[in-house]
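> One line per chain: the protein sequences are A, B and C, in this order. The opening position of the first sequence corresponds to residue -3 in this note's numbering, with each subsequent residue numbered one higher. The opening position of the second sequence corresponds to residue 1453 in this note's numbering, with each subsequent residue numbered one higher. The opening position of the third sequence corresponds to residue 48 in this note's numbering, with each subsequent residue numbered one higher. Just so you know, even glycine gets a beta-carbon here, dropped at the ideal spot from N, CA and C.
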Amino acid sequence: MRWPIPALLLSLLALTAPLQAKEELVTLPKRDTVQLTIYNSVDLTLVRETRELTFKKGNNRLQFSWANTLIDPTSVEFNALTNPDKIEVLDTSYPAESNQMLIWTISSEEAVSAKVEISYFTSGISWGAEYHGMLSGDERSMKLTAYVSVSNRSGEEYENATVRLVVGSINLVEEIAALGGGGRQERMKEAYGKMREADAAENRKKDIVKEGLSEYYIYTVEGQETIPNQWSKRLESFVQEGVPLRTVYTWDARKYGAQLVKLLVFKNDEAHKLGREPLPAGIVRLYRDAGQGRLGFVGQVATNYIPKNDEVKVNAGADPEVQLKSKRLSFKKENLTFGWSGNRQYLAGWDTVEGFELELKNFRKRDVDFEVNVVLGGDFDFDSETASSKIDFQTQRFSLNLKAGENRKVAYTVRTRNGSNVRNK
Amino acid sequence: MKRNYQLPITNDQFRSAPRRPSQLVIGNWLLVICCSLLFPATLNAKEELVTLPQRDSVQLTIYNSEDLTLVRERRTLSFKQGNNRLQFSWANTLIDPTSVEFHPVGKDAQDALEVLDASYPAESHEMLIWTVACTKPAGYSVEISYFTSGISWSAEYTGIVDAAEGSMDLTAYVTVHNNSGEEYENAQVRLVVGVIHMVERIIDLAQPRQQGAPRPMPPAELEELERMAEDGINEDPGTGMAKPKEIQKAGLSEYYIYTVEGQETIPNRWSKRLRSFVVQDVPLKTVYRLEPDKFGPSFTKVLEFKNDEEHKLGKEPLPDGLIRLYKDAGQGRLGYMGTLASKYIPKNEEVKINVGPDAECTLKEKRLSLRKKDLVLDQWNRLVGWTTVEDFELEVRNFRGRDVEVEIHRSMQGKFEFDSEDAWEKHDADTQKIHFTLKAGESRKLTFKVTTKNGENAR
Amino acid sequence: MNKRMIFTLAGTAALASVIGISRPTTVEARIKLATLPDKEAVVVRFDHPNQVLVEEERTISLQKGVNTVDFSWAGTNIDKGSIVFRPVDVNSKVEILSTSYPPGEAALTWSISSPDARSEKFRLSYLMANIQRETDYRAIVSNDEKTLTFRHYFKIRNWSGGTFDSADFITRDGKTFEKGLDQGEAKRVLVNKWDKVNLNKEYVYDLTRQYEGKVMTDYVLKNTKEMGLGAIPLEYGKVRIYQDDGKGTTAFTGEDWGQFTAVGDDMRLNIGIAQDIKVEFKKMVNDVENRRGNVYDTNEVDEYEIKNFKDSEVELTLVLRVQGEWEMQKDSEGYTSFERVDNETIKFKVKAPAKGAPVKLKFHYKRLNNW
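1. Whose Cβ in chain C lies nearer than 8 Å to the Cβ of residue 33 (chain A)?
2. Report the partner residues of residue 115 (chain A) according to the DSSP bridge assignment.
3. Under 7 Å, Cβ to Cβ, is there at least one residue of chain A near residue 218 (chain C)?
4. Does the pairing of the stretch 1848 to 1867 of chain B with the stretch 1822 to 1838 of chain B give three or more beta-carbon distances under 8 Å?
5. For residue 157 (chain A), count neighbouring Cβ atoms within 10 angstroms of its own Cβ and tell me buried if that reaches 16, exposed if not.
6. Throw me the rounded Cβ distance for the residue 102 (chain A) and residue 73 (chain A) pair, which I believe falls under 8 Å.
7. Give me the Cα-Cα distance between residue 1640 (chain B) and residue 1518 (chain B), rounded to the nearest whole angstrom.
8. Which parts of the stretch 98 to 172 of chain A are runs of the beta strand (DSSP E), unbroken and 3 residues or longer, counting only runs that do not cross its ends?
9. Quick one: any contact between the stretch 138 to 153 of chain A and the stretch 246 to 260 of chain C, if contact means 3 or more CB pairs under 8 Å?
10. Determine whether the Cβ of residue 301 (chain A) lies closer than 7 Å to any Cβ atom of chain C.
11. Given this structure, state the Cα-to-Cα distance separating residue 1589 (chain B) from residue 1538 (chain B), to the nearest angstrom.
12. Quick one, are the C-beta atoms of residue 1786 (chain B) and residue 207 (chain C) less than 7 Å apart?
13. With a threshold of 16 other CB atoms inside 10 Å of the CB of residue 393 (chain C), please say whether the residue is buried or exposed.
14. Would DSSP call residue 1747 (chain B) helix, strand or coil?
15. Would residue 370 (chain C) count as contacting chain B if we go by Cβ distances under 7 Å?
16. Helix, strand or coil: how does DSSP classify residue 1656 (chain B) here?
17. Which of the three DSSP states is assigned to residue 1707 (chain B) in this structure?
18. Just confirm the distance between the C-beta atoms of residue 215 (chain A) and residue 161 (chain A), as a whole number of angstroms; I'd bet it's less than 8 Å.
19. Under DSSP, the beta strand (DSSP E) around residue 1543 (chain B) begins and ends at which residues?
20. Relative to the C-alpha of residue 189 (chain C), which residue among C:210, C:348, C:290 is closest?
21. Under three-state DSSP, which class holds residue 309 (chain C)?
22. For the stretch 88 to 97 of chain A against the stretch 110 to 130 of chain A, do three or more pairs of beta-carbon atoms, one drawn from each stretch, fall closer than 8 Å, so that the two count as touching?
23. Hey, out of B:1910, B:1708, B:1703, B:1565, whose CA is closest to residue 1516 (chain B)'s CA?
24. Check each residue of the stretch 143 to 167 of chain C: if its Cβ is closer than 8 Å to any Cβ of chain B, include it; give the result in chain order.
25. Give me the Cα-Cα distance between residue 216 (chain C) and residue 273 (chain A), rounded to the nearest whole angstrom.
26. Taking the DSSP output, what are the residues bridged to residue 212 (chain A)?
27. What are the start and end residues of the alpha helix (DSSP H) that includes residue 252 (chain A)?
28. Excluding the 5 residues flanking residue 300 (chain C) on each side, which residues of the same chain have their C-beta closer than 8 Å to its C-beta?
29. With residue 123 (chain C) and residue 209 (chain C) assumed to form a contact (beta carbons below 8 Å), what rounded beta-carbon distance in angstroms separates them?
30. Count the other C-beta atoms from every protein chain shown that fall within 10 angstroms of the C-beta of residue 333 (chain A), then say buried if there are 16 or more, exposed otherwise.
31. Does the CB of residue 88 (chain C) have a neighbour CB from chain B at under 7 Å?
32. Under 8 Å between beta-carbons, which chain B residues line up against residue 307 (chain C)? List them in chain order, please.
33. Let me confirm a value: residue 40 (chain A) is counted as buried when at least 16 other C-beta atoms fall within 10 Å, else exposed. Which label applies?
34. Whose C-alpha, out of B:1874, B:1630, B:1643, B:1714, is nearest the C-alpha of residue 1607 (chain B)?
35. Does any residue of chain B bring its CB to less than 7 Å from the CB of residue 71 (chain C)?
36. Looking at the structure shown, is residue 1783 (chain B) part of a helix, part of a strand, or coil, going by DSSP?
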């Protein structure tokens, strides 16, 4: 049995009054259970372990040490799960000679056996989500598989642990790795070199139970897991067939640069056969069936946390079969106004009038949706025969649908007032 | 350190071995007085030596504003008819050579003795020779005085504040620091409170390189102080149990002199702390103050009393020094409140001790609104004048379980009008102030409006 | 012959402070003999925010006349100017005549006069450096987030150079615990525990606290007796928050620095980001108007689209800021209440319906008299 962590030492010291007295070491009890609660927003894992301990009447001294681990000494807690009314922690002492050890003075009303829990924070274990979407041939739906991967770079092997994953962004005011003391950087480096993925092929797929707690979700992995040091282990979180997918060709210089990009859009809701839980932040990769069982890569996006009912957009990049070109067809100045400075006349105000043309081409053999965002500045009037909507004070949007093989031109004019022509609206 | 008293020595011995251990040894340097009678009056003539007399008494007058101590010592010397040559040397000391003086003590001595000259031999800058004419041979008491550096004193105070912060027991101490290299045994100690004017530093005058510098005249006030010394001694036989020494305080010109009862021995490099006075139950007031000019930008707790009779003080000014405040934590136990450096506190002056912000009594200022009005444009349509109207709110919250007094000073800038329904009063041209009492657990909001004219509007 | 006795702290090998006594003589040979009165009734006080006052009692045998008592503290960080030494009996006939400080030593000598030979108990108070203190809290929040159990811990670490075999440690709020504390050792003690403390949960959008515009989850504790606290001011310290997960165990849900909180005041703790509530900001109107020379007003409409993806409605507080002179316009809408906190700050409360149905806060305002 590799667990308990060899470096963690729990000893019960029979207490005779003075500190200098000879300490009697009581048989080290076995660890009964261990539970890992792993956070993904910060480098933090809460470890809880339970043991059965026997206390004698009066004061008992319990020593807990954790040399060569990444445990945060300020986080170590003792809790009596049974007989809590008879057992009380009087103080926690951190001896000078070791910063990786503490001693609890525990008073017990009578000689009892109790199940106790010791909990602490450690760093070096993390988890992340990944999503794998297989598009249907018509790109109108996909099979979505969600995974969670647990990576253990803590320096310890966790055997037969209950694993809980917390989805959410908790506030930490100090890094656990810093509180856990030195040696961490070296260990991380070493670990990265050796990291490899554990064989995901287990006898049976495990369920992951998802529950909400405050602003977070807790994913509990069914049964127990063993995660050796420097290993990553990937578990399937869910699989969903036939998730409907929408394709929108989007032109938005502020988000995607000057090119027209293909966005594959779905929602984390019931209509999309999802929406049972939020989707933790992770990489979404989309593939298409390239025939003969081969995969073709379509695109990927690193998503933030996706709440239930929220939308996901995966950028599949530029598509040569769908094009957009923008041209300025005309430019003129109007309404020139002049002022006098002494006996010299100068140009005080003018309007510019520009005519633009957007040319959209759909070479695909299916209808496509466009979303074209035009960003403007200054005191302007926007005018077009094609319907558009105002997104904010400087953005107009054309939402268009082009049939298979269709070409379309959209014209608009922009009048911008300059100098003294800027209006007092 | 024991003093060894002198065997007769010859002038030759003296010249060749001025630091012989058989001479008067003081600390790690030598102070030598050699009294010789000379017949005839040439330096090379054979000298007859007299027994070197004991120092009868020594008095130290220590200044705290300057590194300066006036030393007076008295000895009884035998003089012969005619001219007596008296040699005084001070190798390896911090004595100011320009300050060394010789005075006969008492009417007989003054009638019989006259200093004809003081000569400073070329071969030694740490020696002088007085030629003293004597009309009636006898033993006379003489006083030699000089300035030295390396001895200083400072004041300290300990205040123990009662639980209600309504009064305190104040103990004042004086501490004498002796780094002069000399052990002063059984010296009468006098301390001068006040800032005297010195044109040169004693430590510089004591250095050999300063030889030949013009002799500075001691300030007139010092001469006066020296005369004061004649009647300062207050010795008490002290029968029965010893009591802490009285420190007598007397005023003089711009200074105060504290005279320590009896005699003190202060070994070289030691400090000695003596109790100056104890006053029980000095009435104390706590005021929470926002006064940026005096106490910085924070709303701060200030303990206040006055150096006057009403506060059981006022008998003398309080020299500058550290005030350490403790509070009575019950059963004679103490809690620490704070330490601060106090300036010289004249009689009848208020003392305000800033003990720092208190999280249990807070003040917060908010600007509730800003409006601009009376905008004035010039002929080129440029803004040249405007008036701002700002509403402010000050909220003072007292989380303590007792009433507190609060005083707030609020300064404004520029050409402003101040308007409030609260009882503010004008403190100076730019500052309004308000003083009130806030009950336990209460808070109070003060509001005021500041109208400021800017640019053309301020003309 | 000098007769001088020395007292150590407690007879341990690590000798910290020493009291010796001798007949009055000059001090050229300060011989320290070893008959040691024990330190009694040692008290270590933390009532000052950054100084630690130690008090101890010593019983000293005095002879009639003037006694010299020697106190030395080599190796420990005692502030010698702070030493207060006095008989425990306020009516004692014993007097302390003077205090002398030898050169280059962590020591002093008192000159004490006594009317007769007697045994007198003295109390010695002094500031000691390098005794560190730290407050921290553990909160266990109920599963429904309505109440919590609040535990207050006090931790002291002793780097002073001295050893406390047994001392009463007194916290700022007067809690006393008796412990021993070695040099270098730290001890953490539970000093207060409050059950069923009422808790307010708030969702806050405030760019000055979270510049990315994410919504924060705050717990607000009112430090009053009615709300389950309130007996003492709460010291500054880290608060670690756990929540009952409804299965007999808890999960850590975040931590924050708890600011010093006077009785009656609020302690606000950010536990983390509420990721299921999203706020999207758009400026819909940004016009200049009412030009007078180089002076102008602006007309601005800021729109905050709030989506609450939770299964139930929530109330969101938006703390927004506008600089300078400005007025909110009456056609602002979408909020349930607002408060102009100060000239620059306005606080809106918005009810956000469940399941992502968007709600818009329209904040229409004019900034006046800019130049």
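In short, the structure shows the following:
1. On the first sequence, position 37 is the one that residue 33 (chain A) refers to. Going along chain C in sequence order, the residues near residue 33 (chain A) (Cβ under 8 Å) are 298, 299.
2. Start at 1 with the first residue of the first sequence, and residue 115 (chain A) comes out as number 119. In the DSSP output, where bridge partners are listed per residue, residue 115 (chain A) has A:44, A:73.
3. Your numbering for residue 218 (chain C) matches position 171 in the third sequence. Not one chain A Cβ lies under 7 Å of residue 218 (chain C).
4. no
5. Within the first sequence, residue 157 (chain A) is the residue found at index 161, counting from 1. So residue 157 (chain A) counts as buried.
6. Indexing the first sequence from 1 puts residue 102 (chain A) at position 106. Indexing the first sequence from 1 puts residue 73 (chain A) at position 77. The Cβ separation is near 13 Å, so there is no contact.
7. In the second sequence, counting from the first residue as 1, residue 1640 (chain B) sits at position 188. In the second sequence, counting from the first residue as 1, residue 1518 (chain B) sits at position 66. Residue 1640 (chain B) and residue 1518 (chain B): Cα-Cα distance of roughly 20 Å.
8. 108 to 118, 121 to 131, 137 to 148, 154 to 163
9. no
10. Here residue 301 (chain A) refers to the residue found at position 305 of the first sequence. When Cβ-Cβ separations below 7 Å define contact, residue 301 (chain A) makes contact with chain C.
11. As a position in the second sequence, residue 1589 (chain B) is number 137, starting the count at 1. As a position in the second sequence, residue 1538 (chain B) is number 86, starting the count at 1. Between the C-alpha atoms of residue 1589 (chain B) and residue 1538 (chain B) there is a straight-line separation of about 15 Å.
12. As a first step, residue 1786 (chain B) is located in the second sequence; it is residue number 334 there, counting from the start. As a first step, residue 207 (chain C) is located in the third sequence; it is residue number 160 there, counting from the start. No, the pair does not count as a contact, with Cβ atoms beyond the cut-off.
13. The residue given as residue 393 (chain C) occupies position 346 in the third sequence. By the Cβ-count criterion, residue 393 (chain C) is buried, with 16 or more other Cβ atoms from all chains shown falling within 10 Å of its own Cβ.
14. As a first step, residue 1747 (chain B) is located in the second sequence; it is residue number 295 there, counting from the start. Helix, per DSSP.
15. For the purposes of this step, residue 370 (chain C) is identified with residue 323 of the third sequence, where counting begins at 1. Chain B, which has no Cβ nearer than 7 Å to the Cβ of residue 370 (chain C), makes this no.
16. Numbered from its first residue, the second sequence carries residue 1656 (chain B) at position 204. Residue 1656 (chain B): helix per DSSP, three-state reduction.
17. Position 255 of the second sequence, counting from 1, holds the residue named residue 1707 (chain B). Three-state DSSP puts residue 1707 (chain B) in a strand.
18. In the first sequence, the residue the question calls residue 215 (chain A) occupies position 219. In the first sequence, the residue the question calls residue 161 (chain A) occupies position 165. Rounded, the Cβ-Cβ distance is 4 Å, consistent with contact.
19. The residue labelled residue 1543 (chain B) in the question sits at position 91 within the second sequence. Element bounds for residue 1543 (chain B): n/a, residue is neither H nor E.
20. Your numbering for residue 189 (chain C) matches position 142 in the third sequence. Nearest C-alpha to residue 189 (chain C): C:290.
21. Position 262 of the third sequence, counted from the first residue, corresponds to residue 309 (chain C). In this structure, residue 309 (chain C) counts as coil in the three-state DSSP scheme.
22. no
23. Position 64 of the second sequence, counted from the first residue, corresponds to residue 1516 (chain B). Residue 1516 (chain B) has its Cα closest to that of B:1708, out of B:1910, B:1708, B:1703, B:1565.
24. For the stretch 143 to 167 of chain C, which is checked against every Cβ of chain B, the residues closer than 8 Å are 143, 144, 145, 146, 147, 148, 149, 150, 151, 160, 161, 162.
25. In the third sequence, counting from the first residue as 1, residue 216 (chain C) sits at position 169. In the first sequence, counting from the first residue as 1, residue 273 (chain A) sits at position 277. Going by the C-alpha atoms only, they are around 51 Å apart.
26. For the purposes of this step, residue 212 (chain A) is identified with residue 216 of the first sequence, where counting begins at 1. Its beta-bridge partners are A:209.
27. Position 256 of the first sequence, counting from 1, holds the residue named residue 252 (chain A). That run of the alpha helix (DSSP H) goes 249 to 252.
28. Within the third sequence, residue 300 (chain C) is the residue found at index 253, counting from 1. Hits under 8 Å: 188, 288, 289, 290, 318, 319.
29. Within the third sequence, numbered from 1, the residue matching residue 123 (chain C) stands at position 76. Within the third sequence, numbered from 1, the residue matching residue 209 (chain C) stands at position 162. About 4 Å separates the two Cβ atoms, so the contact holds.
30. In the first sequence, residue 333 (chain A) corresponds to position 337, counting from 1. Counting C-beta atoms within 10 angstroms of its own C-beta, residue 333 (chain A) has fewer than 16 neighbours from the protein chains shown and is therefore classed as exposed.
31. The residue you call residue 88 (chain C) lines up with position 41 of the third sequence. False, the Cβ-Cβ gap to chain B never drops below 7 Å.
32. As a first step, residue 307 (chain C) is located in the third sequence; it is residue number 260 there, counting from the start. Within 8 Å of the CB of residue 307 (chain C), the CB atoms of chain B belong to 1811, in sequence order along the chain.
33. As a first step, residue 40 (chain A) must be located in the first sequence, where it is residue number 44. It is buried - the Cβ of residue 40 (chain A) has at least 16 other Cβ atoms within 10 Å.
34. Taking the first residue of the second sequence as position 1, residue 1607 (chain B) is located at position 155. Nearest C-alpha to residue 1607 (chain B): B:1643.
35. Counted from its first residue, the third sequence places residue 71 (chain C) at position 24. Since pLDDT at residue 71 (chain C) reaches only 42, below the 50 mark, its modelled position is unreliable, and no value is offered.
36. For the purposes of this step, residue 1783 (chain B) is identified with residue 331 of the second sequence, where counting begins at 1. DSSP, read as helix, strand or coil, puts residue 1783 (chain B) in coil.
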